[in-house]
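Protein sequences appear in the order of chains A and B.
If you count the first sequence from 1, you need to add 1 to reach this note's numbering.
Under this note's numbering, the residue at position 4 of the second sequence is numbered -6, and the numbers go up by one with no gaps.
Reading through the structure tokens given below for one structure.
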Amino acid sequence: MPINRTILVLEDEVPLQNAIKLKLSKNGFDVVTARNVEQALNHLADIEKVDVIWADHYLLGQETGLDFVSKVKNFEKWKNIPIFIVSNTASPDKVQSYMALGVDKYYTKSDFRLDTIIAEIDKILEKIK
Amino acid sequence: MQNLANDLEKFKLAVDNASDHIVITDPDGIVLYGNKMVEKITGYNLNESLGKKAGVLWRKPMDQAYYEKLWETIKKNKKIYVGEIKNVRKNKEEYEASISIAPVLDNKNKVIYFVGIERDITREKEIDKAKTEFVSLASHQLRTPLSTINWYAEMLLNGDAGKMKAEQVQYLQEIYKGNQRMVDLVNSLLNVSRLELGTFSVEPKMTSITKIADEAIGELKHKIEEKNINFKKEYKLNIPEMMLDEKLTMIIFQNLLSNAVKYTSEKGKVNLNLGVKGKDLEIIVADSGLGIPKKQQDKIFDKLFRADNVRQTDTEGTGLGLYIIKAILDNTGGKIRFESEENKGSKFYITLPLGGMKQKEGTKKLN
């Protein structure tokens, strides 16, 4: 199992955030968590290398996952970090907006198992290694 | 004679004061009469509408096909036309109306008048929309707790929190399965509300339909094996790639196949055939299951309808699957029909034009 991969998880629901964190840790990730966009951006600035981002759409505070992704994609240093959106909302316009911003995958939360999403993350990280 | 005059006066008063908008026209649709509600609803007084083509003042322009169908029904086929239409009052306010136009024939079966009745149904439409939006909102909200149950059950079943006793695993599996059912139900309700609100989009891409079919079969593999169902698929070799919306096509296969598996008893048969028929791609799903009772076959595509025989033997269905399929096909140029006999089985035929589905933008009102 590859080690020392850091993932930033942006999810406002604490029970869900915990589940994601536990499962990712078991799969060899260092996990940092945030519940709003500002926290997430601070983490990105503080941590030397974030390998991958997991983000929800609706978050604490005014800003959504879309605001977050567009900010990340505007930073030279961060724009190539793979982003996985895992959200309750799967309305076509939202999915399209995320895809247009260049996220790697979009999942409807309740339709996917954690291990399925993590396997996809592994696959993409494997590819860009 | 006095009686006749009284009768005529009575009818005139009744029509004048009726609660719906009533117009009488000549065979070319020129207004000869309008009652009080015409003015009240449209804002145009009788002098403005008399001698003009009915509706020309207040109708929102509809496409040519709409008028062709209307005139064919009332003038050529001499039948009553019933529909819904968008209108604009004199003060520019838009409203929706239900409309029915009946031809009045002489004793030689020639049209002498048309009687058009319209009713303002804007309020009903708004209430219906509010209801659908509520369902959509509630369904979205349900997804968070459903995900919580899903993911924690998944971790426990995986042994992430230590090994469990066989009995504990079994109970947890029931929780997990129950939750999956709830997820499916929420997804169906969301699909229904998107279809009813028109917020769903159709995004066709060049796709292999057999690949989508295989994916849907894959999802059902477990159930097929569990029930020992003799499942056969046959794809003709000449199936081209088509412009399809993958998600919508997937929903069609998921619902058709899961119905077939659900309503077929152990060791029964389910067949899936894909082939080209004329200008269409044809999907046939046949099963040796419960079948649909003859007297309920006309209701099978109604929302929430479940036939008596399946309600008595199965508690899982929602009555939404075929309704969703029909709504998708109605919006993408497809068709569905079936043959079915109780206790023998059902055979569903779906056709999709080989030219593919047409693009449709979803509106941005809902999350």
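Quick reminder that beta carbons are idealized off the backbone N, C-alpha and C, glycines included.
Aspartate 292 of chain B and aspartate 105 of chain A have their C-alpha atoms spaced approximately 39 Å apart. By the criterion of at least three beta-carbon pairs nearer than 8 Å, the segment 181 to 192 of chain B is not in contact with the segment 252 to 263 of chain B. Taking 9 Å as the CB threshold, arginine 184 of chain B lines the interface with chain A. If you look at alanine 4 of chain B, you'll find it in the alpha helix (DSSP H) that goes -8 to 6. Residues of chain B whose Cβ lies closer than 9 Å to the Cβ of arginine 114 of chain A are, in chain order, Asn140, Trp141, Glu144.
For the segment 11 to 25 of chain A, the beta-carbon criterion of a distance under 8 Å to any beta-carbon of chain B is satisfied by Glu14, Pro16, Leu17, Ala20, Ile21, Leu23, Lys24. Rounded to whole angstroms, the Cβ separation of alanine 250 of chain B and valine 275 of chain B is 5 Å, and the two are in contact under 8 Å. Its chain contains Asp6, Asn7 as the residues whose beta carbon lies nearer than 8 Å to that of lysine 26 of chain B, once the 5 sequence neighbours on both sides are disregarded; these appear in chain order.
What serine 137 of chain B touches in chain A, judged by beta-carbon distance under 7 Å, is Leu17, Lys110, Ser111, going in chain order.
Buried is the label assigned to glycine 281 of chain B, since at least 16 other Cβ atoms lie within 10 Å of its Cβ.
When the five nearest sequence neighbours on each side are left out, the beta carbons in the same chain lying within less than 8 Å of the beta carbon of leucine 22 of chain B are those of Ile14, Thr15, Asp16, Leu40, Tyr103, in order along the chain.
For the C-beta of serine 191 of chain B, the chain A residues within less than 7 Å are, from N- to C-terminus, Pro93. A distance of 9 Å or more separates the beta carbons of lysine 267 of chain B and threonine 200 of chain B. Judged by DSSP in its simplified three-state form, glycine 106 of chain B adopts strand.
Per DSSP, proline 343 of chain B is one residue of the beta strand (DSSP E) stretching across 335 to 343. Using a Cβ-Cβ cut-off of 7 Å, lysine 27 of chain A is close to Asp150 of chain B, given in chain order.
According to the DSSP assignment, arginine 113 of chain B belongs to the alpha helix (DSSP H) that extends over 112 to 147.
If you ignore the 5 residues before and after glutamate 29 of chain B, its C-beta comes within less than 7 Å of the C-beta of Asn35, Leu36, all in its own chain and listed in chain order. Ranked by Cα distance from asparagine 321 of chain B, the options B:Gln302, B:Glu329, B:Pro343 are led by B:Pro343. Our two residues, proline 283 of chain B and proline 83 of chain A, have alpha carbons roughly 53 Å apart in a direct line.
Using beta-carbon distances, histidine 130 of chain B counts as an interface residue toward chain A, with a partner under 9 Å.
Residue contact with chain B for threonine 90 of chain A: present (Cβ-Cβ distance below 9 Å to some residue of chain B). Non-local beta-carbon contacts of glycine 73 of chain B in its own chain, meaning distances under 7 Å to residues more than five positions away in sequence, involve Ile89 in chain order. Assignment of beta-bridge partners to valine 33 of chain A by DSSP yields A:Leu9. With fewer than 16 other Cβ atoms from the protein chains shown falling within 10 Å of its own Cβ, phenylalanine 124 of chain B counts as exposed. Listed by position along chain A, the residues whose Cβ is nearer than 7 Å to that of arginine 133 of chain B are Asn89, Lys110, Ser111. Contact between leucine 45 of chain A and valine 51 of chain A is confirmed by a C-beta separation of about 6 Å, below the 8 Å threshold.
In the structure shown, alanine 91 of chain A falls within a coil segment according to DSSP collapsed to helix, strand and coil.
Note on geometry: alpha-carbon atoms of threonine 138 of chain B and glycine 307 of chain B lie some 24 Å from one another. Within the DSSP secondary-structure output, phenylalanine 221 of chain B pairs in a beta bridge with B:Val260. If you look at threonine 322 of chain B, you'll find it in the alpha helix (DSSP H) that goes 311 to 322.
The Cβ-Cβ distance between alanine 317 of chain B and valine 173 of chain B does not fall below 9 Å. Going by DSSP, valine 104 of chain A is part of no beta strand (DSSP E) at all; its letter is neither H nor E. Chain A places a beta carbon closer than 9 Å to that of asparagine 177 of chain B, counting this residue as a contact. Beta-carbon to beta-carbon, valine 33 of chain A and threonine 65 of chain A are separated by about 20 Å, too far to satisfy the 8 Å threshold.
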